[in-house]
Amino acid sequence: MRFRLCLVVAYVFFSSILEVTAASSQGTETNVSTFVYPTGDGNLTFALTATNGGDVYMHLSAPATYQWVGIGTGSKMEGSVMFIVYENADKLSATLSPRLSDGHSEPTYSSSVDCDLFNQTSDHGGIVQKGSSRYYSVNIHCKNITAHGEGDGKLDFSNTKQPFIYAWGPTDGAVSSASKSASIKRHDSYGTLWMDLAKATSSNSDINATFTEAALLTTQNAGADGQAQSDGDKVGPAHAVIMLVTFVIIFPLGALLLRFLESVKAHYIVQTVGLLAAVVGIAVGLYLGTMYNHSKDVSSGHQVFGLILLILLLAQWAIGLYHHLRFRKYKRPTIYGRVHLFAGPAIVLGGIINGFTGFNFSGDSHNNVYYGAVVAVVIIVVLALLGWKRWSKNKQAKHSRMLDDEELHEGSYQMNASHGASY
Ligand code: HEM
Ligand code: HEM
């Protein structure tokens, strides 16, 4: 009898423990879908829970070494509703920027996407310290989210495999802004994931209980079909390298060749190569501009001045050629030659200055230190070489005048009008 009583007590005790465990695991597993991805610098964690009433609550955390981190609805950028997080100017909190995307360019902030940060405690204050690393860590609350997005970018709460995209920015240059429409750079890496939204949707509105540490630890009710793809902006560097090499190396080289080889042909070939490179570089710049909100309408000083320089370069090339043809015909200096001579250095200097404004425009102004050092060395070397050439030519001319005088005295003077470059 005593033994049976013990069994009954033990049964009641253990079954009540089992019920509590089942209830608490239901609390985390059935109401939350969580995706955890190891980025290489730390985990990117995205968790979501929704209420039948249409409220969506999300948690997003990722290493703050990235300029930004973003989650988007759907399987591709086009038609996606994006939740992008970056560092605020105070470096302690994060800015949430809800954006809409229409394709392969910077998504645009939309005030009509009703999303805000919520429950930003000391633990989820935007930026938190985990060990020796800083992490973005935010909780996001959105209302009426299904009013936005196109195609599979429109959330379907009954979808057991709702696609999402994730991406993170480059590791250089924090945004440091509270503006929701601040410029962000193209991703360092991106990928896709899926979530069981049916399992993440319930009538439970006790969100604080839902985003427990346990619920954010591992992937549940979610997954990914592949790894993140490495991207990285190659268009910006291509534009910068082509333009800088053209203005800092090719054009000055063309000028030096005219003086040192005294060859118009060498000058003409090198400056034509420079002009073609500038045309290609500017075409790349125009394409680059379509990717970012701050450059889409081609109205920035950098772009407008760059296009004016292109027109001046084309004119400079044509004037140089016209002068040369006239000089060959009439064997005397022309006004076109003088214009070409003065406009050349001015245009090249303008292009070099536009390099500085380019780095400021793209948010890479720290590069201006290195660029400035290279420019200073090139300018000093070019001026020194041109100065030396002029000095040695003057000396030679003086010397040959003296010889001519002596020869004249001896009565054997021969006039030679064809020395020097025919420019
Ligand atoms: C300045 C901002 C951005 C720019 C300029 C940009 C540009 C691009 C470009 C050019 C591609 C095509 C890459 C290729 O095919 O080689 C692409 C793909 C992709 N991007 Fe972005 N992106 C930006 C922001 C974002 C954000 C915030 C996310 C996610 C939250 C994202 C997610 C993706 C994904 C998942 C793909 C591959 C799927 C697709 O083709 O749409 N992007 N992006
Ligand atoms: C003399 C002519 C030019 C020079 C020397 C030049 C040089 C540069 C440099 C060095 C950068 C910084 C790139 C980076 O940080 O990755 C830049 C950025 C840029 N350039 Fe130019 N550029 C010139 C003309 C143009 C023109 C004509 C356009 C378009 C009409 C243009 C469009 C852009 C854009 C859109 C960016 C910034 C993109 C971003 O936000 O990251 N550039 N340029």
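Counting with mature numbering (1 follows the signal peptide of the UniProt record, and there is no 0), you get residues -22 to -1, 1 to 401 for the letters of the sequence shown.
Note that CB positions come from ideal geometry on N, CA and C, so glycine has one too.
Nearest by alpha-carbon distance to S75: which of A156, S378, N346 is it? Here the question's residue 75 lines up with position 97 in the sequence shown. S75 has its Cα closest to that of A156, out of A156, S378, N346.
Does at least one heavy atom of ligand 1 sit under 7 angstroms from the Cβ of S83? Working through the sequence shown from its first residue, we reach residue 83 at position 105. Yes; taking the cut-off as 7 angstroms, the Cβ of S83 has a heavy atom of ligand 1 nearer than that.
Thinking V326 and F225 are a contact (beta carbons under 8 angstroms), I'd like their distance in whole angstroms, please. Working through the sequence shown from its first residue, we reach residue 326 at position 348. Working through the sequence shown from its first residue, we reach residue 225 at position 247. Contact flag correct, Cβ pair sits at about 6 angstroms.
G350 versus S241: straight-line alpha-carbon distance, rounded: As a first step, residue 350 must be located in the sequence shown, where it is residue number 372. As a first step, residue 241 must be located in the sequence shown, where it is residue number 263. If you take the alpha carbons of G350 and S241, they lie about 31 angstroms apart.
What does a CB cutoff of less than 6 angstroms around D19 pick up in its chain, not counting 5 residues either side in sequence? For the purposes of this step, residue 19 is identified with residue 41 of the sequence shown, where counting begins at 1. Cβ within range, chain order: P41, T43.
Output needed for A160: all residues of its chain with C-beta closer than 8 angstroms, excluding positions within five of it in sequence on either side, in chain order. One-based indexing of the sequence shown puts residue 160 at position 182. Excluding residues within five positions, the ones whose Cβ falls inside 8 angstroms are Y64, T73, S75, V153.
On the premise that T17 lies in contact with W172, defined as a C-beta separation below 8 angstroms, what is that separation, rounded to the nearest angstrom? Here residue 172 is taken as the residue at index 194 of the sequence shown, counted from 1. Here residue 17 is taken as the residue at index 39 of the sequence shown, counted from 1. That belief does not hold up - the Cβ atoms of W172 and T17 are roughly 18 angstroms apart, past 8 angstroms.
Rounded C-alpha distance that separates I118 from A28: What you label residue 118 is simply residue 140 of the sequence shown in a count that begins at 1. What you label residue 28 is simply residue 50 of the sequence shown in a count that begins at 1. Straight-line Cα distance between these residues: approximately 11 angstroms.
DSSP has Q205 in a bridge; who is on the other side? Position 227 of the sequence shown, counting from 1, holds the residue named residue 205. In DSSP, Q205 forms no bridge with anything.
Proximity to V10 [Cα-Cα], best of A362, P311, L195, I289: Counted from its first residue, the sequence shown places residue 10 at position 32. Nearest C-alpha to V10: L195.
DSSP puts I49 in a beta bridge; with which residues? As a working mapping, residue 49 is identified with position 71 in the sequence shown. For I49, which the question treats as bridged, DSSP gives the partners F61, Y144.
Limits of the beta strand (DSSP E) - the one that F337 falls within: Looking up residue 337 in the sequence shown gives position 359. Element bounds for F337: not the beta strand (DSSP E) but the alpha helix (DSSP H), 313 to 339.
In whole angstroms, what separates the C-alpha of V258 from that of Y265? What you label residue 258 is simply residue 280 of the sequence shown in a count that begins at 1. What you label residue 265 is simply residue 287 of the sequence shown in a count that begins at 1. Their Cα atoms are separated by approximately 11 angstroms.
How would you write the range of the beta strand (DSSP E) that G104 sits in, first residue to last? Within the sequence shown, residue 104 is the residue found at index 126, counting from 1. Per DSSP, G104 belongs to the beta strand (DSSP E) from 104 to 108.
C-alpha distance - D275 paired with F337, whole-angstrom precision: Taking the first residue of the sequence shown as position 1, residue 275 is located at position 297. Taking the first residue of the sequence shown as position 1, residue 337 is located at position 359. Each residue's alpha carbon lies about 19 angstroms from the other.
Can you tell me whether H344 sits near ligand 2, meaning its C-beta is under 7 angstroms from at least one heavy atom of the ligand? Counted from its first residue, the sequence shown places residue 344 at position 366. Answer for H344: no, Cβ out of range of ligand 2.
Check each candidate in I358, Y15, N66 and name the one with the smallest Cα separation from I143. Taking the sequence shown and counting its residues from 1, the one referred to as residue 143 is at position 165. The shortest Cα separation from I143 among I358, Y15, N66 belongs to Y15.
Between the alpha carbons of residue 405 and A216, how many angstroms are there, rounded? Given that the chain is displayed from residue -22 to residue 401, the structure contains no residue 405 and the question cannot be resolved.
Let me confirm a value: I330 is counted as buried when at least 16 other C-beta atoms fall within 10 Å, else exposed. Which label applies? If you number the sequence shown from 1, residue 330 lands on position 352. Buried, by the Cβ-count rule.
Express the C-alpha separation of I105 and S71 in angstroms, rounding to a whole number. As a first step, residue 71 is located in the sequence shown; it is residue number 93 there, counting from the start. As a first step, residue 105 is located in the sequence shown; it is residue number 127 there, counting from the start. Their Cα atoms are separated by approximately 5 angstroms.
Quick check on P76: does DSSP put it in helix, strand or coil? Along the sequence shown, one-based indexing puts residue 76 at 98. Strand at P76.
Just to confirm my understanding: we take H318, look at its own chain, exclude 5 residues before and 5 after, and list those with CB closer than 7 angstroms. What are they? Residue numbering aside, residue 318 sits at position 340 when the sequence shown is read from its first letter. Contacts found: Q294, I297, G298, H301.
So L133 and T51 are in contact, right, with Cβ under 8 angstroms, and what is the actual spacing, rounded? As a working note, residue 133 is residue 155 in the sequence shown. As a working note, residue 51 is residue 73 in the sequence shown. The Cβ separation is near 5 angstroms, so the contact holds.
Quick check: what's the CA-CA separation for S90 versus G57? The count along the sequence shown starts at 1 and reaches residue 90 at position 112. The count along the sequence shown starts at 1 and reaches residue 57 at position 79. Rounded to whole angstroms, S90 to G57 spans 15 angstroms at the Cα level.
Is the beta carbon of F339 sitting closer than 8 angstroms to the one on H280? Sequence index remark: in the sequence shown, residue 339 carries index 361 (1-based). Sequence index remark: in the sequence shown, residue 280 carries index 302 (1-based). Yes, the Cβ-Cβ distance between F339 and H280 is below 8 angstroms.
Note the first and the last residue of the continuous beta strand (DSSP E) segment covering Y35. For the purposes of this step, residue 35 is taken as residue 57 along the sequence shown, with counting starting at 1. Here the beta strand (DSSP E) through Y35 covers 33 to 41.
Return the CA-CA distance between Q198 and V59, expressed in angstroms with no decimal places. Position 220 of the sequence shown, counted from the first residue, corresponds to residue 198. Position 81 of the sequence shown, counted from the first residue, corresponds to residue 59. Their Cα atoms are separated by approximately 22 angstroms.
Quick one: give me the first and last residue of the alpha helix (DSSP H) that V248 is part of. The sequence position of residue 248 within the sequence shown is 270, counting from 1. From DSSP, the alpha helix (DSSP H) with V248 extends over 242 to 267.
Hey, D166 and D209 are a contact pair by Cβ (cut 8 angstroms); roughly how many whole angstroms apart? Looking up residue 166 in the sequence shown gives position 188. Looking up residue 209 in the sequence shown gives position 231. Contact holds; Cβ gap of about 6 angstroms.
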